[in-house]
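First the structure, in the form of structure tokens, and then the observations on it.
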Amino acid sequence: MVREGETARVVPFLFLRFLSLIYCLAFISCAVQMQGLYGSDGIIPVNELLGGGRPVDFNIALSHPSIFWLASDDTFLSLVPWMGALLSFLAFLGILEGPLLFASWFLYLSIISVGQTFMSFQWDALLLETGFLAIFLASWRPLAFFWSLILKGESRLIDTGQPSFVLIYLFRFLLFKLMLMSGLVKILSNDPTWSSLTAMQYHYFTQPLPTPLAYFADKLPDWFQIASCAGVFFIELLVPFGMLFPYFRLRLITFVLTVALQVLILLTGNYCFFNLLTIAICFMLLDDSFFLDRMKVSLRDRITRGADELKPSRFRPVYLAPLLALLVFLNAVEFDQALLGGGAMPPLMVALSAPFVPYRIVNNYGLFARMTTTRPEIILEGSMDGSDWEPYVFRYKAGPLDRALPVVAPYQPRLDWQMWFAALSPVQYNPWFVRFSKSLLTGSRSVSSLLQSNPFPDPDKPPVYLRAKLYEYRFSSMSELMEKGQWWTRTYKEDYIPQFSLADISDRRD
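Just so you know, numbering that gives the first Met the number 0 puts the end of the sequence shown at 509, numbered straight through with nothing missing.
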């Protein structure tokens, strides 16, 4: 219950501003890559998933809820993320906050639902799960005016009261789940580097897109890396329980520790908007008093004035009770599937949860369950004659040894990220890479735009041959960095794909 005089207005306000901004950044990140990834000339044309103009398959439509079923041409493909960026920015300004956050959630779901390989990241799922809850937290008050015109009086259908503390605790539980599962998967994986507390000795140089600070963090002594690993377990396995308690000082401690971990991750790695979004959710651990006590009296009075007069809609229990029941049920199934192998829940319960899966309103989490101890990198080269080879240079992934490490978050170069995963397994497990190679062999402008440099820039004169070599990369020594300007060293490992031409690539759909 809310104590007398206590409000829950400042924290939700700050959180929703933060979330709207993250939505906006996420949409912009998608918008500039949509044609290269999903356009008619892209790596995985979205039109193929949607049937290419054939009658809509109802089962596929249910499993891929998306606005792109209405249209999937290149113009609409680019329009949707830019529309999402605009709507989320308007929500950031407080304009039609509830409706626009709902629209932002659906448009982002539309992109993720058809995004396949390039949109399967945990922060995408976290944004959708957080965004779904935010729909109920956000203000829908601007609609009260329109309802009053219809009903000839003040409408109680629109919730004008303070946010329900049930919703606030749902956000706290989401953060609890995110952090706890991130720790549990490391334990349950039986990975030797986590169990021996040596994982951080490998993390900085093996992660997908390390920052310059990761290079220097990698040089810290072993005792520090072991202590860091123990600190990660403490924050991910023990600290989350403090998020659920009603004691503000305890939650403040969990806030500080969790935010500190996220800031350290953000400084040493490019994880899109993941860390910013986690920090945003952390704000829901705080009380209004934390901010009000630090404000000028005049500003504090303006914020709290009339708080007692705001009464929630009598329809609030109508949607809150089913929402709570649904989320408890789906989270129970998700915990069972992710951590217990699916053995605790009756098959009927799992079947009942299946229709909700495509909407990503509840997800499981856990990055780096198994720590990679080496860094394989694919170096792609093209040739006109099979003798002289020129490398393709990606914008951000490890390649040139003397290129400084990037700082690109919250932007996510999805092709560069996926190249990191591709290097960890044979090409047979990465059919999208064959599609990518075919696009280069046919001179696709859209795909070429995803790269920093294409040695064959003329789309009418693409390379005749490609080959992919696998190298093992490692951070250079401090002396190599200072004397040669090299951030990386590398050794040749094997051919990822030997020399091949367009004729060697099957025409089958991957």
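Where is the CB? At the ideal position from N, CA and C, for every residue including glycine.
Predicted model, so just to flag it, every value in this text is computed and none were measured.
Residue i versus residue j: straight-line alpha-carbon distance, rounded
i                 : j                : result
serine 87         : serine 386       : 51 Å
isoleucine 116    : serine 28        : The question names isoleucine, but residue 116 is threonine in the sequence shown. Going from the Cα of threonine 116 to the Cα of serine 28 covers about 16 Å.
phenylalanine 282 : alanine 137      : 15 Å
isoleucine 264    : isoleucine 59    : 37 Å
lysine 176        : leucine 108      : 21 Å
aspartate 183     : leucine 338      : The sequence shown places leucine at residue 183, not aspartate. Cα to Cα, the separation comes out at about 8 Å.
tryptophan 419    : proline 207      : 6 Å
leucine 179       : valine 446       : 39 Å
valine 463        : serine 448       : 19 Å
glutamine 498     : glycine 484      : 31 Å
proline 354       : isoleucine 360   : 11 Å
leucine 291       : tyrosine 358     : 37 Å
cysteine 23       : phenylalanine 91 : 9 Å
methionine 477    : valine 433       : 37 Å
phenylalanine 135 : glycine 114      : 26 Å
leucine 465       : isoleucine 504   : 11 Å
proline 11        : threonine 129    : 13 Å
leucine 249       : glutamine 427    : 50 Å
phenylalanine 244 : serine 112       : 36 Å
aspartate 506     : lysine 437       : With a pLDDT of 49 at aspartate 506, under the threshold of 50, the predicted position of this residue should be treated as unreliable, though the coordinate-derived value follows. Answer to the nearest angstrom: the Cα atoms are 10 Å apart.
valine 392        : phenylalanine 75 : 30 Å
methionine 0      : leucine 169      : Note that methionine 0 scores 37 on pLDDT, short of 50, meaning its location in the model is unreliable; the coordinates nonetheless yield the value given after this. Their backbone Cα atoms lie some 15 Å apart in a straight line.
serine 19         : proline 220      : 40 Å
alanine 512       : glutamine 336    : Past the boundaries of the shown model lies residue 512; the chain is included only from 0 to 509, so the question cannot be answered.
serine 62         : tryptophan 68    : 12 Å
alanine 467       : methionine 344   : 45 Å
glutamate 388     : leucine 326      : Going by the sequence as given, residue 388 is tryptophan instead of glutamate. Distance between the alpha carbons of tryptophan 388 and leucine 326: 55 Å.
tyrosine 211      : isoleucine 167   : A small correction: the amino acid at residue 211 is proline; tyrosine does not occupy that position in the sequence shown. If I take the Cα positions, the gap works out to 37 Å.
glycine 50        : aspartate 73     : 15 Å
Range covered by the beta strand (DSSP E) that runs through residue i
i             : result
serine 452    : 450 to 452
glutamine 498 : 487 to 500
arginine 374  : 374 to 382
lysine 460    : Unbroken run through lysine 460: none, as it is neither H nor E.
Cβ-based neighbour list, residue i, same chain, cut-off 6 Å, excluding 5 preceding and 5 following
i                 : result
leucine 260       : Ile234
tryptophan 81     : Ala30
tryptophan 193    : Lys185
phenylalanine 17  : Ala279
alanine 102       : Leu86
phenylalanine 273 : Trp122
glutamate 479     : Gln485
aspartate 401     : Gly484, Gln485
phenylalanine 435 : Ile42
leucine 48        : Val113
methionine 118    : Ile111
Delimiting residues of the alpha helix (DSSP H) encompassing residue i
i              : result
glutamine 336  : 315 to 338
leucine 127    : 121 to 136
leucine 208    : Run containing leucine 208: none; DSSP gives neither H nor E here.
tryptophan 193 : 191 to 194
leucine 187    : 164 to 187
lysine 396     : Careful: lysine 396 lies outside any alpha helix (DSSP H) and carries neither H nor E.
alanine 350    : 346 to 352
Cβ-based neighbour list, residue i, same chain, cut-off 7 Å, excluding 5 preceding and 5 following
i              : result
aspartate 217  : Tyr203, Phe204, Phe474
lysine 151     : Note that lysine 151 scores 47 on pLDDT, short of 50, meaning its location in the model is unreliable and no value can be drawn from it.
serine 227     : Met199
arginine 394   : Pro412, Asp415, Leu450, Gln451
asparagine 46  : Ser39, Ser71
glycine 442    : Pro458, Asp459, Pro461
methionine 242 : Arg171, Leu174, Phe175, Arg250, Thr253, Leu284
glycine 97     : Ile134, Ala137, Ser138, Trp139
serine 188     : Ala368, Arg369
tyrosine 495   : Ile377, Val426, Ala467, Lys468, Leu469
Whole-angstrom C-beta distance between residue j and residue i, which should lie under 8 Å
i              : j              : result
asparagine 362 : alanine 124    : 4 Å
arginine 489   : tyrosine 472   : 5 Å
tyrosine 214   : methionine 370 : About 18 Å; that fails the 8 Å criterion.
leucine 173    : leucine 237    : The pair is not a contact, with the Cβ atoms about 18 Å apart (cut-off 8 Å).
leucine 275    : proline 409    : 6 Å
alanine 368    : aspartate 190  : 7 Å
leucine 126    : alanine 229    : About 30 Å separates the two Cβ atoms, so there is no contact after all.
leucine 469    : alanine 422    : 7 Å
serine 77      : methionine 33  : 6 Å
valine 407     : asparagine 269 : 5 Å
tyrosine 364   : serine 181     : 6 Å
leucine 379    : proline 390    : 7 Å
Cut-off 8 Å between Cβ atoms - residues of its own chain near residue i, not counting five sequence neighbours on either side
i                 : result
tyrosine 246      : none
phenylalanine 223 : none
leucine 89        : Leu95, Leu99
glycine 305       : Its pLDDT being 49, under 50, glycine 305 is placed unreliably in this model, and the value from its coordinates should be taken loosely. Excluding sequence neighbours, glycine 305 sits near nothing in its chain.
Residue i Cβ short of 6 Å to the ligand PLP heavy atom set
i           : result
proline 462 : The ligand PLP is not among the ligands present in this structure, which contains no ligands whatsoever.
**Request:** Note down, one range per segment and in chain order, each beta strand (DSSP E) of at least 3 residues found wholly within the stretch 231 to 288.
**Result:** none
**Message:** Runs of 4 residues minimum, wholly inside the stretch 31 to 105: which ones carry the alpha helix (DSSP H) assignment?
**Reply:** 33 to 37, 45 to 48, 57 to 62, 73 to 91
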